[in-house]
Each structure stands twice: as structure tokens, then as C-alpha cells.
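Undergrad: I have a structure I would like to understand better, so I am pasting it below and will then ask my questions one at a time.
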Ligand code: IPE
Ligand code: IPE
Ligand code: MG
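In this note's numbering, the protein residues as written are 40 to 276.
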């Protein structure tokens, strides 16, 4: 087996298993989410230290609104708390935070927090942390199609001139490289509406570890596994 020793430029993580982690401990699901936020902090710092340039994390899907209201409320509160607790450290470590997803459904308070973390970390040059919030791949692609259709209707763009690049550039991720490695925790093997377009040539890493137990060591294992993969992009070696 060929082994390389490279750090993926862009890692994306489906942070799953907070609820099961809490249940195993007889705790409320919201405590699992809090523990998940602490795991995120560890993982962000470890990724930045290893030289990862982009880290995208799936924090709240468009489908997650369907959870019990108390859990949704706790998650929204956690977004605000997370911003408050972590913005100074992230700024100090050179981590720039950006949010992808539809923000129109968030309260003014949540949006103010998101604007704050983005503006107060905007100078970070070590790594970009992308928070996917009220994100889903299908809604992102639907929005992109609407945007492109409007340009065609306005006569700015010919239908035949729509390219893969036109589509990529109409997504929330327009300014980001595609993920090299997608990690999902908690033993689930699905994408759950995450980065479907962007994941075309990503490598996947699945672990049974529940998200609150993830951190530097687990990230290292995922990168090690990535380094055993042979990325052929449809070509012959
Ligand atoms: C992931 O953990 C966090 C979010 C989806 C917000 P879950 O809350 O999905 O945890 P499980 O899958 O129920 O264990
Ligand atoms: C995916 O996890 C979404 C996030 C991690 C934010 P879910 O727990 O919501 O996904 P399913 O329901 O297992 O597919
Ligand atoms: Mg889950």
C-alpha cells in the first residue's frame, strides 16, 4: 500500500452522536451538544496546528428543525454561547470563521452572534473554520439553480454557457476548495444532505467514536487513513 504524508487541505466533518453520548451517561441531549462543542474546539485547534487550511463542520441541518422544540432551542442557545466562549481564542489563533447555510430562519440574536464571530475573526490566516448552519446540499443547489435561472432570464447568461464552474460559483462554498476528506462520527454511513456537489472526489472516513469523544488523536487517525488512499480521479496510475 502506498503511503503519503500529506495534510488534507480541506477536511469536512459530519459531527454526529451527541445525543447517544448523552444517553449513555443518563444526561439530557443538550448536554451532549455542549460536550460536542468542546470536542469541536479541540478539533479546530488540532487541525489548525497540523496545517489544515479549511475545516468545514456540519453543525445544524435544514432537517434538524424537525427535532423537539426544546432541543432546537438548546442548539440555538449553544450557537450564541459558543460564539461568546470561543471567539477570542479563535481570533488569537488566527482561525477565521465563516458560516454557510440559510441564515434567514435564525433569530436576530443568533444572526448577531454569527456576524460577530465572522467579523471578529476575519483577519485569521492560519485556517478557515466553516460552520454549516441551517445547511443542506439540496437547498444549496436549489438556491444556486434559482440564481442561475434569474441570470438567464435577465439575458446576462446563455443557457449553453452554464458550466460546472458556473454552478460551483453559485454555491455557498464558491470561494472554498472542495473537501479532500470527509469524516463522519458515530458509526453512521451516510451524507445526510451534506456537500453533495463538493464531495465528488472526497475521500471518506467513518469512525464509531461519538462526536463528543472526538479530538486530536481521532483527527490524526483520520489523516493517517487518508494517507493510505490512492486518489485516481478516474485516471490510470
Ligand atoms: C449531532 O448529534 C449534532 C446535531 C445533529 C445537531 P446528534 O444530535 O445527531 O446525536 P445522535 O445522532 O442523536 O446521537
Ligand atoms: C447530520 O446528523 C447533521 C449534523 C451533524 C448537523 P443527523 O443526526 O441530523 O443526521 P441523520 O438524521 O442521522 O441522517
Ligand atoms: Mg445524529
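Beta carbons: idealized from backbone N, C-alpha and C, even for Gly.
Bear in mind the structure is a predicted one, so any value in this text is a computation, not a measurement.
Output the distance between the C-alpha atoms of residue 55 and residue 77, rounded to the nearest integer angstrom.
TA: As a working note, residue 55 is residue 16 in the chain shown. As a working note, residue 77 is residue 38 in the chain shown. Answer to the nearest angstrom: the Cα atoms are 14 Å apart.
Undergrad: Please report the residue range of the beta strand (DSSP E) in which residue 173 lies.
TA: Counted from its first residue, the chain shown places residue 173 at position 134. 166 to 174 is the extent of the beta strand (DSSP E) around residue 173.
Undergrad: Less than 9 Å between the C-beta atoms of residue 126 and residue 156, yes or no?
TA: Sequence index remark: in the chain shown, residue 126 carries index 87 (1-based). Sequence index remark: in the chain shown, residue 156 carries index 117 (1-based). Closer than 9 Å, so yes.
Undergrad: Count the other C-beta atoms from every protein chain shown that fall within 10 angstroms of the C-beta of residue 104, then say buried if there are 16 or more, exposed otherwise.
TA: Taking the first residue of the chain shown as position 1, residue 104 is located at position 65. Burial call: exposed.
Undergrad: Inspect the CB distances between the region 242 to 249 and the region 218 to 226 and report whether three or more fall short of 8 Å.
TA: Output reads yes: the region 218 to 226 touches the region 242 to 249.
Undergrad: Return helix, strand or coil for residue 195, following the three-state DSSP convention.
TA: Working through the chain shown from its first residue, we reach residue 195 at position 156. Here residue 195 sits in coil by DSSP.
Undergrad: Where are the beta strand (DSSP E) runs, 3 residues long or more, that stay fully inside the region 221 to 272, in chain order?
TA: Qualifying beta strand (DSSP E) stretches, in chain order: 242 to 245.
Undergrad: What residue range is occupied by the uninterrupted alpha helix (DSSP H) comprising residue 82?
TA: Position 43 of the chain shown, counted from the start, is the residue given in the question as residue 82. It spans 68 to 89 - the alpha helix (DSSP H) in which residue 82 sits, taken as one unbroken run.
Undergrad: Answer with buried or exposed for residue 72, where buried requires no fewer than 16 other C-beta atoms within 10 angstroms of its C-beta.
TA: Your numbering for residue 72 matches position 33 in the chain shown. By the neighbour-count rule (16 or more Cβ atoms within 10 Å), residue 72 is buried.
Undergrad: Between residue 300 and residue 167, which are expected to be in contact by the criterion C-beta below 8 Å, what is the C-beta distance as a whole number of angstroms?
TA: No information on residue 300 is available, as it lies outside the stretch 40 to 276 that the chain covers here.
Undergrad: Across the region 50 to 64 and the region 249 to 268, are there enough close Cβ pairs to call them in contact, namely three or more that are closer than 8 Å?
TA: Verdict: yes, contact present.
Undergrad: Less than 9 Å between the C-beta atoms of residue 161 and residue 96, yes or no?
TA: By one-based count along the chain shown, residue 161 stands at place 122. By one-based count along the chain shown, residue 96 stands at place 57. No. Outside cutoff.
Undergrad: Would you mind sorting residue 47 into buried or exposed? The rule is 16 or more other CB atoms within 10 Å of its CB.
TA: By one-based count along the chain shown, residue 47 stands at place 8. So residue 47 ends up on the buried side.
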